[in-house]
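Going down the list, the protein sequences come from chains R and C.
For this note's numbering, add 86 to where a residue sits in the first sequence, where the first one is 1.
For this note's numbering, add 86 to where a residue sits in the second sequence, where the first one is 1.
Data block below; observations after.
There are 2 protein chains.
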Amino acid sequence: MNTLAYGLLSLLSHSHLSGYDLMLKLQPFWPAKHSQIYPLLSNLEKEEQVTFELVAQTDKPDKKVYTITEKGIDSLREWLSVPASDPVLRDELMIKAYCLSFVDPAISRKLFVSRLEYYHIKLQRYEEKITHILKKSGVNEGEIPSYQSPYLGAYILLNKALMSCKTNIEWCTWVLKVIPADNE
Amino acid sequence: MNTLAYGLLSLLSHSHLSGYDLMLKLQPFWPAKHSQIYPLLSNLEKEEQVTFELVAQTDKPDKKVYTITEKGIDSLREWLSVPASDPVLRDELMIKAYCLSFVDPAISRKLFVSRLEYYHIKLQRYEEKITHILKKSGVNEGEIPSYQSPYLGAYILLNKALMSCKTNIEWCTWVLKVIPADNE
DNA sequence: CGCTCCATGTAACTGGTTACATGATTCC
DNA sequence: GGAATCATGTAACCAGTTACATGGAGCG
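As structure tokens, this is what we get:
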């Protein structure tokens with residue numbers, strides 16, 4: 087049982103999903119390709135942490151829709167009780183930022199301008215998602231889903247994504263102010 | 087040539103370091119173990135991107151101090167010209183946050199309290215480092231190292247680390263407000 | 001006609017971690 | 001006496017990516 091396996095279980099603890107759905111939903115929080123997910127799911131099935139049902143579709147390929155078992159929920163609970171290991175961030179831009187001065191400012195600027203675009207797209211998506219789940223959870227304006235609500239987890243995560251995104255935009259914008267413009 | 091190799095080159099572009107030093111310095115920005123770094127360094131040496139000098143020490147083991155070559159600087163420059171790939175963050179706490187409601191609030195709180203401690207320690211370290219490099223760079227108060235300054239890269243990175251750290255502290259603190267206290 | 005989306009799977013490879021191995025010094 | 005730091009290296013393993021494989025539906 088690795089972290090990815092628990093990631094799959096935690097998504098399945100909220101809804102029934104296919105391997106393909108799991109891959110898409112997990113992307114923002116624990117990136118993984120389908121080639122890693124499918125074998126893991128069949129392991130989880132062997133261990134009786136999940137079950138699946140073959141769902142035939144007409145205009146799309148058939149799919150396996152997975153459901154978490156009581157045993158699966160139990161191992162999630164156990165996993166939640168041990169402290170989370172340290173977060174790991176790997177960002178090429180940070181290494182590139184360290185040796186900016188080896189190339190001319192125009193090239194440096196490009197790096198940060200395109201990263202800014204990346205974050206702006208993310209920001210928009212996160213904002214859409216957060217209003218969407220707040221609507222679904224049915225809370226009043228300014229309120230937060232309760233501890234028992236199945237939407238609390240998603241709301242907490244999206245809030246983190248939003249906050250980090252904004253901070254990164256701030257950082258990139260600041261860096262662009264520090265890099266001299268081309269016409270200077 | 088993978089990202090880690092460029093990470094080593096970028097550190098060596100600023101100073102002469104041993105494999106051990108490189109490992110320690112790289113940790114905050116691209117975590118890697120010595121077992122990954124030593125073989126990479128000997129590859130870089132074969133490709134003539136770096137050279138090394140055996141330095142004998144009396145009270146510590148001897149070491150290999152590496153120096154970047156012109157060829158190494160050139161490949162760094164080339165690498166800087168291609169856009170940085172997307173950043174990857176993997177954080178178990180995010181997955182755990184998603185299924186908080188399966189355990190009782192006391193257990194949830196523990197997760198975020200210990201993560202807060204983690205970030206507070208990081209914050210302190212980053213603050214020390216940033217004042218240290220600003221002092222070394224010799225800029226006046228409120229000023230920023232120039233584009234040509236060898237300290238600009240480190241300053242930009244530390245600023246990002248600081249900003250992210252503060253945002254994460256803010257997030258954890260907010261989450262702890264959302265999780266009901268034990269005596270409620 | 002090629003591209004993307006949906007959907008599943010395996011094989012080969014690269015990246016990263018853990019463990020094995022050695023050995024002196026310093027600190028508790 | 002045991003642990004931590006410095007310093008280098010290899011071997012075995014696990015995690016993650018890329019590529020191979022198949023195939024229908026819908027879009028431009």
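Don't be surprised by glycine CBs; every beta carbon is placed ideally from N, CA and C.
Candidates the options, of which the one nearest residue i by Cα
| i | options | result |
| --- | --- | --- |
| LYS149/R | SER187/R, GLY105/R, LEU162/R, TRP116/R | GLY105/R |
| THR259/C | HIS206/C, GLN210/C, GLN234/C | HIS206/C |
| ARG211/R | ALA142/R, LEU244/R, TRP257/R | LEU244/R |
| TYR233/R | ILE216/C, GLU214/C, ARG195/C, SER223/C | ARG195/C |
| LYS111/C | PRO169/C, GLY93/C, ASN88/C | GLY93/C |
| LYS246/C | PHE115/C, ALA267/C, LEU90/C, ASP107/C | PHE115/C |
| ASN129/C | GLU156/C, ILE265/C, MET87/C, CYS185/C | MET87/C |
| CYS185/C | SER223/R, ALA118/R, SER235/R, GLU134/R | SER235/R |
| PRO117/C | VAL261/R, GLY228/R, GLU256/R, ASP177/R | ASP177/R |
| ILE193/R | GLU227/R, LEU262/R, GLU164/R | LEU262/R |
Secondary structure of residue i, DSSP reduced to three states
| i | result |
| --- | --- |
| THR144/C | coil |
| GLU139/R | strand |
| VAL174/C | strand |
| GLU213/C | helix |
| GLY228/C | coil |
| LYS119/C | coil |
| ILE265/R | coil |
| MET87/R | coil |
| ASP160/R | helix |
| SER194/C | helix |
| VAL168/C | coil |
| CYS185/C | coil |
| SER235/R | coil |
| LEU125/C | Here residue 125/C is Pro; the residue named in the question, Leu, does not match the sequence. Three-state result, PRO125/C: helix. |
| SER99/C | coil |
Supposed close pair residue i, residue j - CB separation, criterion 8 Å
| i | j | result |
| --- | --- | --- |
| MET109/R | HIS120/R | 5 Å |
| TYR241/C | ILE219/C | 6 Å |
| ILE154/C | LEU98/C | 4 Å |
| ILE216/C | PHE188/R | Not really, about 22 Å apart at Cβ, beyond 8 Å. |
Those residues which DSSP pairs with residue i across a bridge
| i | result |
| --- | --- |
| THR153/C | THR137/C |
| SER104/R | VAL151/R |
Residue i and residue j closer than 8 Å at C-beta
| i | j | result |
| --- | --- | --- |
| LEU273/C | ARG201/C | As shown, chain C starts at 87 and ends at 270. That puts residue 273/C outside it, with no answer to give. |
| THR144/R | THR253/C | no |
| TYR152/C | LEU126/C | no |
| LEU162/R | SER96/R | yes |
| ILE230/R | VAL199/C | no |
| LEU175/C | PRO173/R | yes |
| SER250/R | SER223/C | no |
| LEU90/R | GLN113/R | no |
| LEU248/R | GLU213/R | yes |
| GLU134/C | LYS157/C | yes |
| LEU197/C | LYS208/C | no |
| PRO266/R | PRO147/R | no |
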